[in-house]
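Here is the structure we will look at.
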Amino acid sequence: MKYIGFILFTVLTNAAAQLMLKHGMMTLGPLSFAGVNPLVKILQIVFSPWVFLGLCTFVISMASHLFVLSKVELSFAYPFLSLAYVAVAIFAYFVFREDLNAWRIAGIAAICVGTILIAQGGSGHEAVAADADQAALNQTNQIKTGELAR
Numbered sequence: 001m002k003y004i005g006f007i008l009f010t011v012l013t014n015a016a017a018q019l020m021l022k023h024g025m026m027t028l029g030p031l032s033f034a035g036v037n038p039l040v041k042i043l044q045i046v047f048s049p050w051v052f053l054g055l056c057t058f059v060i061s062m063a064s065h066l067f068v069l070s071k072v073e074l075s076f077a078y079p080f081l082s083l084a085y086v087a088v089a090i091f092a093y094f095v096f097r098e099d100l101n102a103w104r105i106a107g108i109a110a111i112c113v114g115t116i117l118i119a120q121g122g123s124g125h126e127a128v129a130a131d132a133d134q135a136a137l138n139q140t141n142q143i144k145t146g147e148l149a150r
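The C-terminal residue of the sequence shown carries number 150 in my numbering, and the numbering is unbroken.
Next up, the structure:
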């Protein structure tokens, strides 16, 4: 639970990236590759301000996720990414006036309950990593004092 802040940062930056990409694509209008070089069109899309900002935000989200993966079990961290569905649905309702009907609300509730259940299961990786770090530190200290060499 020590890294929950980083996990939630990953979730929120992931959701923010989705919202930026949606806004960017709405700004660009319907896609059409007719009469245009596809590579040029893709570059226009990628380098439009909101799409580019969304992609950069994804990079930040991925960097945060990599940090989290170095600290906790994948089976603990990854399910939290489903909370991005919740954040996107709620923010899309307020920002883009997208529908938030009873079925979506029920799905959001199920995602939240599932994530809470997974979080309650804990992550043994932190304890294992702490033990490994302590063992390595003890070994280093023994080497420095010459105890291990004897």
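Glycine is no exception: its CB is placed at the ideal position from the N, C-alpha and C atoms.
For residue i, three-class secondary structure by DSSP
| i | result |
| --- | --- |
| residue 5 | helix |
| residue 107 | helix |
| residue 30 | coil |
| residue 35 | coil |
| residue 138 | helix |
| residue 101 | coil |
| residue 72 | coil |
| residue 121 | coil |
Residue i - containing alpha helix (DSSP H), residue span
| i | result |
| --- | --- |
| residue 67 | 49 to 69 |
| residue 97 | Per DSSP, residue 97 belongs to no alpha helix (DSSP H) and is neither H nor E. |
| residue 38 | 38 to 46 |
Distance, residue j Cα to residue i Cα
| i | j | result |
| --- | --- | --- |
| residue 138 | residue 71 | 21 Å |
| residue 21 | residue 15 | 10 Å |
| residue 120 | residue 96 | 34 Å |
| residue 58 | residue 35 | 31 Å |
| residue 79 | residue 92 | 21 Å |
| residue 43 | residue 33 | 12 Å |
| residue 74 | residue 118 | 12 Å |
| residue 105 | residue 99 | 10 Å |
| residue 56 | residue 102 | 33 Å |
| residue 88 | residue 1 | 24 Å |
| residue 46 | residue 39 | 10 Å |
| residue 76 | residue 19 | 25 Å |
CB contact check: residue i to chain C, cutoff 8 Å
| i | result |
| --- | --- |
| residue 67 | Absent from the structure: chain C. Only one protein chain is present. |
Are the region 15 to 26 and the region 45 to 55 touching, with three or more C-beta to C-beta distances below 8 Å? With three or more CB-CB distances shorter than 8 Å, the region 15 to 26 counts as touching the region 45 to 55.
Should the region 56 to 71 be called in touch with the region 5 to 15, which here means at least 3 C-beta pairs below 8 Å? Taking 8 Å as the limit for Cβ pairs, the verdict is that the region 5 to 15 does touch the region 56 to 71.
So, does the region 83 to 92 touch the region 101 to 116, judging by three or more C-beta pairs under 8 Å? Per the Cβ contact rule, the region 83 to 92 is in contact with the region 101 to 116 (3 or more Cβ pairs under 8 Å).
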